[in-house]
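In full-length UniProt numbering, the protein residues as written are 1 to 85. Cβ atoms here follow ideal geometry from the backbone N, Cα and C, with glycine treated the same way. Taking it in order: structure first as structure tokens, then the write-up.
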């Protein structure tokens with residue numbers, strides 16, 4: 001099933017930052033699920049899955065996760081830029 005998470009992201013820093021749907025994570029029962037940025041671009045109300053946010057500005061968007069129907073989401077972790085692995 002597709003889970004649509006509506007977010008408002010504000011840049012509280014002093015330089016432009018990227019917000020990409022591909023770096024967002026959802027957790028449930030010890031498992032990590034990545035956002036489905038490929039499917040996100042097909043949402044009519046969605047902006048680009050890559051959004052540059054200037055300091056003090058905010059954007060509204062939707063992050064889409066493709067998860068099994070039996071999964072009950074527990075937490076979502078938002079990231080401003082790709083984290084090193």
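**Message:** Taking its Cβ as the centre, do 16 or more other Cβ atoms sit within 10 Å of residue 19, making it buried, or is it exposed?
**Reply:** Buried: at least 16 other Cβ atoms inside 10 Å.
**Message:** Could you tell me the alpha carbon to alpha carbon distance between residue 27 and residue 79, rounded to whole angstroms?
**Reply:** One C-alpha to the other measures close to 14 Å.
**Request:** Would you tell me roughly how many angstroms separate the C-alpha atoms of residue 33 and residue 9, rounded to the nearest one?
**Result:** Whole-angstrom Cα-Cα distance: 20 Å.
**Prompt:** Count the other CB atoms within 10 Å of the CB of residue 2; is the residue buried (16 or more) or exposed (fewer)?
**Reply:** Exposure of residue 2 is indicated by the presence of fewer than 16 other C-beta atoms within 10 angstroms of its C-beta.
**Asked** What residues are listed by DSSP as bridge partners for residue 75?
**Response** The partner list for residue 75 (beta bridge, DSSP) reads 27.
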